[in-house]
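2 protein chains.
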Amino acid sequence: MSKKERQQQLLHLIGGNPFVTDRELTRQLKVSIQTIRLDRMELGIPELRERMKQMAEHSYDQVRSLPADEVIGDIVDLQLDKSGISIFEIRGEHVFSRNGIARGHYVFAQANSLAVAVINDEIALTASADIRFVRMVRLGEKCIAKAQVRSQAGRGGKAEVDVFTYVGEELVFQGHFIVYRSAVEDNSEGGNRSVDRH
Amino acid sequence: MSKKERQQQLLHLIGGNPFVTDRELTRQLKVSIQTIRLDRMELGIPELRERMKQMAEHSYDQVRSLPADEVIGDIVDLQLDKSGISIFEIRGEHVFSRNGIARGHYVFAQANSLAVAVINDEIALTASADIRFVRMVRLGEKCIAKAQVRSQAGRGGKAEVDVFTYVGEELVFQGHFIVYRSAVEDNSEGGNRSVDRH
DNA sequence: CTACATATTAGTACCAGGTTCTAAAGAACT
DNA sequence: AGTTCTTTAGAACCTGGTACTAATATGTAG
Chain C
1 MSKKERQQQL LHLIGGNPFV TDRELTRQLK VSIQTIRLDR MELGIPELRE RMKQMAEHSY
61 DQVRSLPADE VIGDIVDLQL DKSGISIFEI RGEHVFSRNG IARGHYVFAQ ANSLAVAVIN
121 DEIALTASAD IRFVRMVRLG EKCIAKAQVR SQAGRGGKAE VDVFTYVGEE LVFQGHFIVY
181 RSAVEDNSEG GNRSVDRH
Chain U
1 MSKKERQQQL LHLIGGNPFV TDRELTRQLK VSIQTIRLDR MELGIPELRE RMKQMAEHSY
61 DQVRSLPADE VIGDIVDLQL DKSGISIFEI RGEHVFSRNG IARGHYVFAQ ANSLAVAVIN
121 DEIALTASAD IRFVRMVRLG EKCIAKAQVR SQAGRGGKAE VDVFTYVGEE LVFQGHFIVY
181 RSAVEDNSEG GNRSVDRH
């Protein structure tokens, strides 16, 4: 068997069972353990423990990625149809486990929640957004999002909201949201209370 | 701190971060490593590697026994640096209670997670995104997000990923993501093991 | 206070499953 | 024969532990 063939086999074996050790592979491929290791290096395949770690982290991050949680961030100031401020502290469950950097959608969620909250309408929904993650946000940092309503159509129209998120003095995120303010289909089952806070 | 209290703390710490080593725990609990190990034994908590192995096996089993269409909120297909598919079912906790319409950031989160997952790099982070919520998503609907990598720079560059999310045949969301593929910023404070995956 | 029990710490030997490095032997072409 | 690629071997070292022994603290009942 040629080197190429063997490496193909190796890829296939590890692909078929990522939990295989080098020692087991020597039995199946009938070459020395050094050859197996050289092959893994050439193919960029990490060792068993690293493979398991990556799988574990991946599935763990997956689990963490969507909380069954409601509002992202505390809205501390709200002037309807004008502006709003929300505070959100990045905690362990919001970051990638290995490097402590916040997952983008939490930062987005805070801004999105605020953009929607600031629009004074029964239903406000994000129609589109243009966003930029200016710098990474890390575990423990406190994000302060400030929203400004830029333009408005009347009932049933659209509103534009700019949101800037800071950590201290530093801009970390900016977003331009277009939010629908629709007086639509109020199939409300029960009291319509004031503002829809995301 | 009593033994009971410490063991409760230990359970909490490992529950909060299963990837913690005994050595790190000694720092947080201010007891010797032997005490940590005795506590783990009494509590029946396996060692770090065993914990990771179990998580890896668990997720692997799930991926393997993939009934493909009844999977919820999961990445069901992933070709690194090429494409990926994720399925997410909108449940009660994801919608506005009044009208049953999904909160935008859940739809975004699905797309964002997928866009990041599809990029094969140690750290992949969303740099910016241009998104459009094409139509509202309702309670009970199943969102199928399909990601396509459009362009790539090498290591340390950017990649562009398009994500389209459908409910049935209907497009509900589209997003154009620019994802940083950054070669780890190694602010190593000591034991930096191998590779940091996202 | 003493005696015993429990809790904690320390230290050693050992393990799996590797990495990293050096070195040598085999094969293969030309 | 000389050069290069491939394969094998072996030793040192690494992490994150287990298993075991032994010494020291701390508490608690008699």
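Listed in order, the protein sequences are those of chains C and U. With the first letter of the first sequence counted as 1, position 132 gets the number 132 in UniProt numbering; the numbers rise by one all the way through. With the first letter of the second sequence counted as 1, position 171 gets the number 171 in UniProt numbering; the numbers rise by one all the way through. Built from N, CA and C at the ideal position, the CB exists for glycine as well. Computed from a predicted model, the values in this text were never measured in an experiment.
Check the Cα spacing between U/R51 and each of U/G140, U/G92, U/I14 and U/S83: the tightest is with U/I14. Taking the C-beta atoms as reference points, U/V163 is found nearer than 8 Å to U/A111. Taking the beta carbon of U/D130 as reference, the chain C residues within 9 Å of it are S128, A129, D130 and I131, listed in sequence order.
Proximity of the segment 91 to 107 of chain U to the segment 137 to 154 of chain U meets the contact definition, three or more beta-carbon pairs being nearer than 8 Å.
Note on U/L43: under 16 other CB atoms within 10 angstroms of its CB, so exposed under the neighbour-count rule. According to the DSSP assignment, U/F108 belongs to the alpha helix (DSSP H) that extends over G104 to A117. Counting only runs that start and end inside the segment 26 to 63 of chain U, there is no beta strand (DSSP E) element of at least 3 residues. Shown here, C/R150 sits in a strand according to DSSP, grouped into three states.
Distances from the CA of U/R132 to each of U/Q174, U/E169, U/E5 and U/L78 were compared; the closest alpha carbon is that of U/Q174. Pairing C/H105 with U/P18, the inter-Cα distance amounts to about 23 Å.
Here U/D39 is buried. Its C-beta has 16 or more other C-beta atoms within 10 Å. Counting the other Cβ atoms within 10 Å of the Cβ of U/S151 gives fewer than 16, which makes it exposed. Taking 8 Å as the CB threshold, U/P46 stays off the interface with chain C. Among the residues of chain U, those whose CB is under 7 Å from the CB of C/K53 are M52, following chain order.
Chain-order list of chain C residues neighbouring U/L125: I101, G104, F133 and M136, by C-beta distance under 8 Å.
Counting only residues of its own chain and dropping the five nearest sequence neighbours on each side, U/T21 has a CB closer than 6 Å to the CB of L48.
The Cβ neighbour count for C/Q8, taken over all protein chains shown within 10 Å, is under 16; the residue is labelled exposed. In this structure, the straight-line span from the alpha carbon of C/V161 to that of U/D130 is close to 15 Å. For C/S86, no chain U residue has a C-beta closer than 7 Å to its own C-beta; the minimum C-beta separation is roughly 13 Å. Looking only at C/D77, C/K3 and C/S83, the smallest Cα-Cα distance to C/A159 is reached by C/S83. Only residues of its own chain outside the window of five on either side were considered, and among them R181 have a CB closer than 7 Å to the CB of C/G157, listed in chain order. Taking 8 Å as the threshold, the shortest C-beta distance from U/S59 to chain C falls below it.
Around the beta-carbon of C/V172, 16 or more other beta-carbon atoms lie within 10 Å, marking it buried. If the five residues before and after U/I36 are omitted, its C-beta is found closer than 8 Å to the C-beta atoms of L10, D22, L25, T26 and L29, all from its own chain and listed in chain order. Counting only residues of its own chain and dropping the five nearest sequence neighbours on each side, U/I90 has a CB closer than 8 Å to the CB of A102, Y106, V137, R138, L139, G140, E141, K142 and C143. For C/I90, there is no enclosing beta strand (DSSP E), as DSSP gives it neither H nor E.
DSSP, reduced to helix, strand and coil, places C/K158 within a strand of the structure shown.
Interface criterion met: the Cβ of C/G92 is under 8 Å from a Cβ in chain U. The C-alpha of U/R6 lies about 13 Å from the C-alpha of U/I33.
Boundaries for U/L80: no beta strand (DSSP E) harbours it, and the DSSP string shows neither H nor E there. Within the segment 20 to 32 of chain C, no residue has a Cβ lying closer than 7 Å to any Cβ of chain U.
With fewer than 16 other CB atoms across the displayed protein chains lying within 10 angstroms of its CB, U/Q79 is exposed.
At a cut-off of 8 Å, the C-beta of U/S151 has no neighbouring C-beta in chain C.
Contact with chain U is absent for C/R6, since none of that chain's Cβ atoms lies less than 8 Å from the residue's Cβ. The beta-bridge partner set that DSSP reports for C/Q8 is empty.
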